[in-house]
Amino acid sequence: MHTAGFSAAIEAEGPLPVRVTAIASLTPLEELDADPFLVDSRSQHAMCARWAAERGYVITRELLVRGLRPDHCALWDDVEAGLVDLFVAPSHRVLERALASVDEFTAECARRGVRIETVGSAEPSYDAQMKASVHRRLSMPTAGYDGR
Numbered sequence: 000m001h002t003a004g005f006s007a008a009i010e011a012e013g014p015l016p017v018r019v020t021a022i023a024s025l026t027p028l029e030e031l032d033a034d035p036f037l038v039d040s041r042s043q044h045a046m047c048a049r050w051a052a053e054r055g056y057v058i059t060r061e062l063l064v065r066g067l068r069p070d071h072c073a074l075w076d077d078v079e080a081g082l083v084d085l086f087v088a089p090s091h092r093v094l095e096r097a098l099a100s101v102d103e104f105t106a107e108c109a110r111r112g113v114r115i116e117t118v119g120s121a122e123p124s125y126d127a128q129m130k131a132s133v134h135r136r137l138s139m140p141t142a143g144y145d146g147r
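See below:
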């Protein structure tokens, strides 16, 4: 089998970008007034996507989870397949809602040699109109409404 041409083609294209799994919290719509950012998973994923793009990274997977065990296969299948280099979440607060144990997940990331980052940007402020938009998007998905 001849692979020299394939290797040369990869080298000519440059290094592969860092592949990222974005983690957002799955928070019930009932909590919209109390904590709109945790309910607005679209904004959470968008924040992660901007963070990744600023660094030349590529989002390869988006997770929307709540209280997920740190050993759950949804977190690790892509890592084990060599498809993910790091995890990112908008904030530690989002991780606390998304995962059953941030400390155990962080330890598992270290054990597996996978980075975990948080965006660290300020969360958006939600006025009544923004909350109404999130409410419409999340309460009418079966009607074909996608929030645009």
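The sequence shown stops at residue 147 when you use numbering that gives the first Met the number 0, and every number in between is there.
The C-beta atom is built at its ideal place from N, Cα and C for all residues, glycine as well.
Query                                                                                                     : Result
For Val78 and Ile40, the rounded distance between their alpha carbons                                     : The sequence as given places Ser at residue 40; Ile does not occur at that position. One C-alpha to the other measures close to 23 Å.
Opposing strand residues paired with Ala23 [DSSP bridges]                                                 : Leu63
Three-state class that DSSP yields for Leu85 in the structure shown                                       : strand
Pro89 burial status per 10 Å Cβ neighbour count (16 or more: buried)                                      : buried
Whole alpha helix (DSSP H) elements within the region 74 to 122, 4-residue minimum                        : 91 to 97, 101 to 111
Residue burial classification, Ala97 (beta-carbon count within 10 angstroms, cutoff 16)                   : buried
Helix, strand or coil at Val38 according to DSSP, with G and I counted as helix                           : helix
Coil, strand or helix - Val57 by DSSP                                                                     : strand
Buried/exposed call for Gly146, threshold 16 Cβ in 10 Å                                                   : With a pLDDT of 48 at Gly146, under the threshold of 50, the modelled position of this residue cannot be trusted, and the question is left open.
Beta-bridge partners of Arg18, as assigned by DSSP                                                        : Val57
Classification of Ser156 by the beta-carbon crowding that lies within 10 angstroms, buried from 16 upward : One cannot answer for residue 156 here, as it falls past the ends of the chain, which runs 0 to 147.
Per-residue DSSP class, three states only, for Met139                                                     : coil
Exposure label - His44; buried when at least 16 CB within 10 Å                                            : buried
Any non-hydrogen atom of the ligand ADP within 7 Å of Pro89 CB                                            : Inclusion of the ligand ADP in the displayed structure is not the case, the ligand content being empty and no account of it being possible.
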